[in-house]
Amino acid sequence: MEDNLLVSTIEFPSPEALFHVSSPCLIAGPCAVESLEQAETIAQALVQFGVKFMRGGAFKPRTSPYSFQGLGLEGLRILDYIRQKYGLLVVTEILDTRDIDLGIRYADMIQIGSRNMTNTALLKEVGRTSHPVILKRGMMSTLSEFLLAAEYLVQAGCRKLFLCERGIRTFEDSVRNMLDIGSVAIIKRETSLPVIVDLSHSLGRKDILVPVAKAILALGADGLMIEAHCDPAAALSDSAQQLSLPELEQFVDAYNEWLGINERRDTIF
Ligand code: PEP
Ligand code: MN
18 MEDNLLVSTI EFPSPEALFH VSSPCLIAGP CAVESLEQAE TIAQALVQFG
68 VKFMRGGAFK PRTSPYSFQG LGLEGLRILD YIRQKYGLLV VTEILDTRDI
118 DLGIRYADMI QIGSRNMTNT ALLKEVGRTS HPVILKRGMM STLSEFLLAA
168 EYLVQAGCRK LFLCERGIRT FEDSVRNMLD IGSVAIIKRE TSLPVIVDLS
218 HSLGRKDILV PVAKAILALG ADGLMIEAHC DPAAALSDSA QQLSLPELEQ
268 FVDAYNEWLG INERRDTIF
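FYI, in this note's numbering the residues of the sequence shown are 18 to 286.
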């Protein structure tokens with residue numbers, strides 16, 4: 018990593034310090050907000066399972082212009098209603114500098130997605146606000162480029178920042194993206210930035226979530242992001258990778274059990 022980057026010299030608050038949630042934290046919810054009923058059903062399950070953050074896209078960065086693009090402002094209003102009614106912290110992606118004010122008004126954290134990691138105009142504008150941000154790693158970006166993108170946010174004033182490793186494109190096709198767990202260890206070693214891992218967009222499959230989650234938590238990651246939907250088969254985006262609500266419950270149970278078992282993990286690993 019380049020020397021004297023702000024990201025390596027500044028103390029960043031942990032999820033616990035920022036939001037009073039236990040650490041590591043879970044961020045779960047649908048790929049996209051599709052309707053009030055869908056969002057509310059998922060929110061009720063999150064509350065029941067003890068998940069504090071709900072993710073949900075209102076503006077979706079889709080590969081095809083013919084795919085569902087998200088509900089836009091209506092989706093943000095649904096998220097706002099949900100967080101007020103259920104006390105959940107809401108994370109949503111903003112794609113366009115013109116929508117930053119809406120993101121600030123309606124969400125607790127603004128996500129800058131993989132496809133926008135190098136959008137320096139967006140990074141600067143979002144960084145100028147003091148709003149909490151999740152910056153995802155670009156799918157074609159090196160770790161050093163990822164940290165430089167974070168530097169744009171931090172240089173503009175952002176101090177409430179989580180980095181999100183979500184895998185990079187390789188020739189391997191057994192997973193959607195290749196999860197780079199070394200990057201999590203390096204970010205933890207070289208900065209105080211909280212790092213979370215998006216299991217869904219990295220793996221793109223549901224059958225190996227628990228063992229991979231354990232590996233990530235053993236690295237000292239600050240949280241996990243995971244997609245969940247009340248009817249994955251009918252989801253308007255990322256149908257194959259979204260957990261059903263019973264599957265999410267099982268995952269959360271395994272996660273809690275494993276964290277409990279590993280209270281001594283500092284001495285185990
Ligand atoms: C998302 O989290 O909704 C998303 C589109 O992920 P990524 O930017 O990592 O592809
Ligand atoms: Mn998705």
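The beta-carbon is built from N, C-alpha and C at its ideal position, and this holds for glycine as well.
Selection around ligand 1 by beta-carbon proximity, strictly under 5 Å to any non-hydrogen atom, yields G74, G130, S131, K153, R183, H218 in chain order.
If you check the C-beta of D255 against ligand 2, you find a heavy atom less than 6 Å away.
Its chain contains R183, G184, N194, L196 as the residues whose beta carbon lies nearer than 6 Å to that of S219, once the 5 sequence neighbours on both sides are disregarded; these appear in chain order.
Boundaries of the beta strand (DSSP E) around F70: 70-72. C48 has its CB nearer than 6 Å to a heavy atom of ligand 2. P82 has its alpha-carbon roughly 24 Å from the corresponding atom of D215. The straight-line gap separating the alpha-carbon atoms of A250 and E28 is approximately 43 Å. DSSP places T187 outside both helix and strand once states are collapsed to three, so it counts as coil. By the criterion of at least three beta-carbon pairs nearer than 8 Å, the region 219-234 is in contact with the region 248-268. Excluding residues up to 5 positions away in sequence, L216, L241, Y272 lie with their Cβ nearer than 7 Å to the Cβ of A230 in the same chain. P30 places its beta carbon 7 Å or farther from that of V38.
Residue state for F85 is assigned as coil, using DSSP reduced to three classes. Less than 7 Å divides the Cβ of V143 from the Cβ of I117.
Inside the region 95-153, DSSP marks whole beta strand (DSSP E) runs of 3 or more residues at positions 106-110, 126-129, 150-153, from first to last along the chain. When the beta-carbon positions are compared, L106 and K69 come within less than 7 Å of each other. For a cut-off of 8 Å, the C-beta gap from F85 to R79 is around 7 Å, short enough to register as a contact. Of the residues assessed, Q55 falls on the buried side of the cut-off, its CB having 16 or more other CB atoms within 10 angstroms. A check of alpha carbon separations from A245 across P263, D239, A238, C42 identifies P263 as the nearest.
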